[in-house]
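Peer 1: In the numbering used here, the protein residues as written are 31 to 135.
Every residue gets a Cβ at the ideal spot worked out from N, C-alpha and C, and that includes glycine.
There's a structure below that I have some questions on.
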């Protein structure tokens, strides 16, 4: 499986996307702090999601006392997403240029 496939597989889960959103909004958080935002999940469920996010390189963990602090690793996401998005950016750029030509012409 490619890095791109791994990334999209991980991002396909809404809980994982919400975890990434929380880390982006609030900065580093512990499992307990994250679990407080998911009433239907226990901490072990959040930990499993974090393992998947760490395996994909999207989240890093730092030991702080007895807890791990989890933080977003945006570089990994950018590294994988940038080439994929570039294909679509080129398409839309060309389409908008054609549309401008039609509107101006």
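Would you tell me roughly how many angstroms separate the C-alpha atoms of residue 99 and residue 112, rounded to the nearest one?
Peer 2: Their Cα atoms are separated by approximately 27 Å.
Peer 1: Expressed to the nearest angstrom, what Euclidean distance is found between the alpha-carbon atoms of residue 148 and residue 83?
Peer 2: With the chain covering only 31 through 135, there is no way to say anything about residue 148.
Peer 1: Alpha carbon to alpha carbon, how far is residue 39 from residue 135?
Peer 2: 44 Å
Peer 1: What number of angstroms, rounded off, separates the C-alpha of residue 123 from the C-alpha of residue 37?
Peer 2: Distance between the alpha carbons of residue 123 and residue 37 is about 25 Å.
Peer 1: Where does residue 92 fall in DSSP's three states?
Peer 2: strand
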